[in-house]
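This report concerns only the one structure given below.
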Amino acid sequence: MTAASGDGVHPPYDWPAYGSTRWRAPRRPLAVLPENLTETTGPLLGAERVGEWDHDLTRQHGGEPIGPRIIVHGRVVDGDGRAVPATLVEVWQANAAGRYRHPGDERPSAPLDPNFSGAGRTVTDADGRYRFVTIRPGAYPWKNHANAWRPAHIHFSVFGRAFTQRLVTQMYFPDDPLFPYDPIFGSVPEAARPRLVARFDLDATEPEWALAFRWDIVLRGRGATPFETPGP
Amino acid sequence: MTAPLTPAQTIGPFLSIGLTWPDGPSVVDPAASGALRLGGRLLDGQGEPVADGLIETWQAGPDGRFPEPGGPARQAFRGFGRCLTAADGSWEVVTLKPGPLPAPGGATEAPHVDVSVFARGLLHRLVTRIYFADEAAANAADPVLRSLPDDAARATLVAPAVAGGYRLDIHLQGPRETVFFVA
Chain A
33 MTAASGDGVH
43 PPYDWPAYGS
53 TRWRAPRRPL
63 AVLPENLTET
73 TGPLLGAERV
83 GEWDHDLTRQ
93 HGGEPIGPRI
103 IVHGRVVDGD
113 GRAVPATLVE
123 VWQANAAGRY
133 RHPGDERPSA
143 PLDPNFSGAG
153 RTVTDADGRY
163 RFVTIRPGAY
173 PWKNHANAWR
183 PAHIHFSVFG
193 RAFTQRLVTQ
203 MYFPDDPLFP
213 YDPIFGSVPE
223 AARPRLVARF
233 DLDATEPEWA
243 LAFRWDIVLR
253 GRGATPFETP
263 GP
Chain B
4 MTAPLTPAQT
14 IGPFLSIGLT
24 WPDGPSVVDP
34 AASGALRLGG
44 RLLDGQGEPV
54 ADGLIETWQA
64 GPDGRFPEPG
74 GPARQAFRGF
84 GRCLTAADGS
94 WEVVTLKPGP
104 LPAPGGATEA
114 PHVDVSVFAR
124 GLLHRLVTRI
134 YFADEAAANA
144 ADPVLRSLPD
154 DAARATLVAP
164 AVAGGYRLDI
174 HLQGPRETVF
184 FVA
C-alpha cells in the first residue's frame with residue numbers, strides 16, 4: 033500500500049484504472065517527513081508574477097474566445113478554516129472544443145481557438161478570495177481506455193504559505209455525466225469527490241454576461257511551528 | 004474549526020500551458036557568487052525518461068534563512084525553483100547551497116532541498132529531499148536520513164558533486180526507487 037491512500041482525502045498513487053500510473057507510482061512505503069523549517073515555510077509568490085490580464089482568459093488576445101463565458105471564483109482557506117491571503121493561483125484548461133493549446137494535443141477533430149491560450153494567474157486577496165473570467169472548457173477524449181472522455185475541468189495550482197500546503201488539482205462542473213466513467217475523478221475517495229466540484233452561483237452570476245461557479249479550495253493546516261524560527 | 008481538505012488530482016500532460024515560467028529554474032541569479040547547478044533526470048519504473056514532469060524545489064539559503072516576502076533577500080535569492088522536465092527527463096535549477104538548519108531536540112538537519120515531483124500518472128505530488136554528498140558528517144547526523152531504514156534508501160537522496168554543481172536522478176519506481184515522503 034502507498035501511504036497516500038487511506039487518508040480519506042487524496043487519491044492513491046497506485047490506481048490501475050488510470051493507465052499512466054503503472055510505471056510512475058512508487059511501490060515502496062512512503063517515509064514520514066517531520067514538519068521542520070523547510071516544511072513549515074514556503075515560497076511566498078505573489079503579485080509580481082501576475083500580469084494585467086492574467087486573471088481574464090477571455091481578454092488575452094485581439095478577439096473573444098468561442099464558448100460560454102463563465103466566472104470561476106472562491107476562497108483559498110486552510111484546514112483550520114483560516115484564509116490564505118496573497119497566494120499565487122495558476123490555472124490552465126482546454127478550450128470550448130476540448131482542445132489544449134499544446135503540442136501533445138493534435139486532434140484534428142477539435143479546433144484550436146486563436147483567441148484562447150487557456151492559462152491564467154491571480155493572487156488571493158486578504159480574505160483568500162480569487163476570481164477568474166474564462167470560457168467553459170469542453171470535455172475531451174483520451175486514450176486511457178475504450179471511448180474514454182475526461183469530464184470538463186480546469187487545472188488549479190495553489191501554493192499556500194508552507195511547503196506542506198502545496199496543491200495541484202482539478203476543478204469540475206456540477207452534474208457532469210462523465211463522472212462515473214472517469215478514473216482520475218474516481219481515484220478520489222468517494223466522500224471527498226464533491227469537494228472537486230464547483231457549485232453554480234447565481235449571486236455571482238452577472239446578468240446578460242456570464243454564469244458564475246464557486247469553488248473553495250482547502251489546503252492543509254500549517255500546524256504549529258515546532259520551534260522558534262530564525263529572526264529576520 | 005476544521006474544513007475538509009481539497010483532494011489532489013494529476014497535473015496531467017499539458018502542464019506546460021499553465022506552469023511555464025521563463026525564470027523558473029533561477030532560484031538565484033546564475034551570475035551570483037556561489038551559484039551552482041542542481042539537477043538530474045526523472046525516470047519511470049522502466050528506466051524511461053519522464054518528459055512531461057515538473058520539479059519544484061524549496062530550500063534555505065547558505066545562512067540557513069528563508070526568503071522573506073518583499074524583502075531584499077527575496078530579490079536575490081528566491082528559495083524556490085521550478086523546472087519542467089525535458090524530452091530526456093532532465094531538469095536543472097540554478098541555486099545556492101543551503102546551510103544546515105536547527106531541528107527539534109537540539110538536532111541539526113544537514114543542508115537539504117525539499118522537492119515536489121508532479122507528472123501525468125501521479126495523482127498526487129511526490130515529496131522527496133536532496134542532500135549533498137560532500138556533507139558526509141552532517142548527513143550522518145541528519146534526523147531525517149537517520150530515520151530511513153538503510154544506507155541504500157539514504158543513498159537515493161544524496162546528490163554527488165559534479166562539475167559546476169550536483170546531480171541526482173529521481174527514480175519513481177524500480178530497484179533504485181527514490182525515497183518519497185508522505186505528501
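Here the protein sequences line up with chains A and B, keeping their order. Quick note on numbering: the first sequence equals residues 33 to 264 in the numbering used here. Quick note on numbering: the second sequence equals residues 4 to 186 in the numbering used here. C-beta atoms are modelled at their ideal positions from N, C-alpha and C, and glycine is treated no differently.
Closest by C-alpha distance to residue i, when choosing among the options
i: B/Arg44; options: B/Trp24, B/Glu71, B/Glu95 and B/Pro28; result: B/Glu95
i: A/Ala244; options: A/Gln202, A/Tyr45 and A/Arg168; result: A/Arg168
i: A/Gln197; options: A/Thr90, A/Ala224, A/Met203 and A/Asp112; result: A/Asp112
i: B/Ala79; options: B/Val31, B/Leu8 and B/Thr23; result: B/Val31
i: B/Ala141; options: B/Ala113, B/Asp172, B/His174 and B/Thr131; result: B/Ala113
i: B/Ala186; options: A/Thr72, A/Pro48, A/Trp55 and A/Tyr50; result: A/Thr72
i: A/Tyr213; options: A/Glu80, A/Asp46 and A/Tyr50; result: A/Tyr50
i: A/Tyr157; options: A/Arg131, A/Val121, A/Ile186 and A/Phe188; result: At residue 157 of chain A the sequence reads Asp, which differs from the Tyr that was named. It is A/Val121 whose Cα lies nearest to the Cα of A/Asp157.
i: A/Arg91; options: A/Ala230, A/Phe148, A/Arg182 and A/Ala242; result: A/Phe148
i: A/Glu240; options: A/Pro100, A/Ala79 and A/Ala142; result: A/Pro100
i: A/Ile103; options: A/Phe195, A/Phe232, A/Pro215 and A/Arg252; result: A/Phe232
i: A/Pro226; options: A/Thr237, A/Met203, A/Pro215 and A/Leu234; result: A/Met203
i: A/Thr70; options: B/Val182, B/Arg170, B/Gln49 and B/Ile133; result: B/Ile133
i: A/Asp88; options: A/Ile216, A/Val190, A/Val155 and A/Ser219; result: A/Val155
i: A/Asp86; options: A/Lys175, A/Arg153 and A/Thr166; result: A/Arg153
i: A/Pro209; options: A/Ala184, A/Phe195 and A/Ala194; result: A/Ala184
i: A/Ile216; options: A/Asp39, A/Trp47 and A/Gly40; result: A/Trp47
i: B/Ser119; options: B/Gly168, B/Ala139, B/Ala155 and B/Phe184; result: B/Phe184
i: B/Ala106; options: B/Ala122, B/Pro178 and B/Gly67; result: B/Gly67
i: B/Gly82; options: B/Leu39, B/Leu99, B/Gly168 and B/Ala89; result: B/Leu99
i: A/Arg163; options: A/Arg59, A/Phe195, A/Arg107 and A/Glu80; result: A/Arg107
i: A/Leu228; options: A/Arg133, A/His187 and A/Ala57; result: A/His187
i: B/Ala164; options: B/Phe17, B/Leu39 and B/Gly21; result: B/Leu39
i: B/Phe69; options: A/Trp181, A/Ala194, A/Ser52 and A/Glu84; result: A/Ala194
i: B/Asp91; options: B/Leu148, B/Val147 and B/Asp55; result: B/Asp55
i: A/Leu77; options: A/Val116, A/Gly95 and A/Glu96; result: A/Val116
Alpha carbon of residue i to alpha carbon of residue j, nearest angstrom
i: A/Pro61; j: B/Gln176; result: 11 Å
i: A/Ala128; j: A/Ala171; result: 8 Å
i: B/Leu57; j: A/Asp110; result: 24 Å
i: A/Gly192; j: A/Ala118; result: 9 Å
i: A/Pro44; j: B/Trp24; result: 29 Å
i: B/Asp26; j: A/Leu199; result: 21 Å
i: A/Thr34; j: A/His42; result: Confidence at A/Thr34 is low in this model, with a pLDDT of 43, below 50, so its placement is unreliable and no value can be given for it.
i: B/Gly108; j: A/Leu65; result: 16 Å
i: B/Ala76; j: B/Ala166; result: Any reading at B/Ala76 needs caution, since the residue's pLDDT is 49, under 50, leaving its predicted position unreliable; the model's value is listed next. Between B/Ala76 and B/Ala166, the C-alpha separation is close to 27 Å.
i: A/Ser189; j: A/Thr201; result: 7 Å
i: B/Leu6; j: A/Pro221; result: Note that residue 6 of chain B corresponds to Ala in the displayed sequence, not to Leu. About 16 Å.
i: B/Leu171; j: B/Val116; result: 12 Å
i: B/Asp137; j: B/Asp47; result: 27 Å
i: B/Pro10; j: A/Asp39; result: 10 Å
i: B/Ala156; j: B/Leu87; result: 26 Å
i: B/Trp61; j: B/Ala144; result: 21 Å
i: B/Gln49; j: A/Ala79; result: 41 Å
i: B/Gly42; j: B/Ala89; result: 12 Å
i: A/Glu260; j: A/Glu67; result: Confidence is the limiting factor: at A/Glu260 the pLDDT is only 39, short of 50, which leaves the residue's position unreliable, though a coordinate-based value still follows. Approximately 13 Å, taken between the alpha carbons.
i: A/Pro264; j: B/Glu71; result: Per-residue confidence for A/Pro264 stands at a pLDDT of 34, beneath the threshold of 50, marking its modelled position as unreliable; the derived number appears in the next sentence. Cα-Cα distance, rounded: 8 Å.
i: B/Pro33; j: B/Ser19; result: 23 Å
i: A/His93; j: A/Trp55; result: 39 Å
i: A/Gly160; j: B/Pro52; result: 38 Å
i: A/Phe205; j: B/Ser93; result: 35 Å
Amino acids of chain B, ordered along the chain, whose beta-carbon sits closer than 7 Å to that of residue i
i: A/His42; result: Pro10, Ala11 and His127
i: A/Phe195; result: Trp61 and Asp117
i: A/Val64; result: Phe184 and Val185
i: A/Arg60; result: Glu180
i: A/Gly74; result: Trp61
Contact list for residue i against chain B, beta-carbon separation under 9 Å
i: A/Asp137; result: Pro16 and Phe17
i: A/Ala151; result: Ile20, Gly21, Leu22 and Thr23
i: A/Leu69; result: Ala63, Gly67, Phe69, Leu104, Pro105, Ala106 and Glu112
i: A/Tyr162; result: Simply none; closest approach about 13 Å.
Proximal residues of chain A, C-beta to C-beta of residue i below 8 Å
i: B/Thr111; result: Neighbours of B/Thr111 on chain A: none; closest Cβ ~11 Å, over 8 Å.
Beta-carbon neighbours of residue i, restricted to chain A and to distances below 7 Å
i: B/Val130; result: Leu65
i: B/Ala6; result: Val109, Gly111, Gly113 and Val250
Amino acids of chain B, ordered along the chain, whose beta-carbon sits closer than 8 Å to that of residue i
i: A/Trp265; result: Outside the displayed span of chain A (33 to 264) sits residue 265 of chain A, for which this structure offers no information.
i: A/Tyr50; result: Thr13, Gly124 and Leu126
Taking only runs of the beta strand (DSSP E) that begin and end inside the segment 149-229 of chain A, which ones reach a length of at least 3 residues, in chain order?
151-155, 161-167, 172-174, 180-182, 185-190 and 199-204
Using a Cβ cut-off of 8 Å, which residues of the segment 45-64 of chain B contact any Cβ in chain A, in chain order?
Asp47, Gly48, Gln49, Glu51, Val53, Asp55, Glu59, Trp61, Gln62 and Ala63
Would you list, in sequence order, the uninterrupted beta strand (DSSP E) runs of no fewer than 3 residues that lie entirely inside the segment 105-130 of chain B?
115-122
Which residues, taken in chain order from the segment 218-231 of chain A, show a beta carbon closer than 7 Å to some beta carbon of chain B?
Ser219, Val220, Ala224, Arg227 and Leu228
The segment 85-118 of chain A: positions lying closer than 7 Å to chain B by Cβ:
Val109, Gly111, Asp112 and Gly113
Uninterrupted alpha helix (DSSP H) stretches inside the segment 49-113 of chain A (no shorter than 4 residues)
69-72
For the segment 197-208 of chain A, which residues have a CB atom closer than 8 Å to at least one CB atom of chain B, in sequence order?
Arg198, Leu199, Val200, Thr201 and Gln202
Output, in sequence order along the chain, the residues in the segment 136-160 of chain B whose CB is closer than 9 Å to any CB in chain D.
Chain labels in this structure do not include chain D; the protein chains are A and B.
Quick one: which residues of the segment 79-110 of chain B get their C-beta closer than 8 Å to a C-beta of chain A? List them in chain order.
Arg81, Gly82, Phe83, Leu104, Pro105, Ala106 and Pro107
Please identify, using Cβ separations under 7 Å, the residues of the segment 172-193 of chain A that lie next to chain B, in order along the chain.
His187 and Ser189
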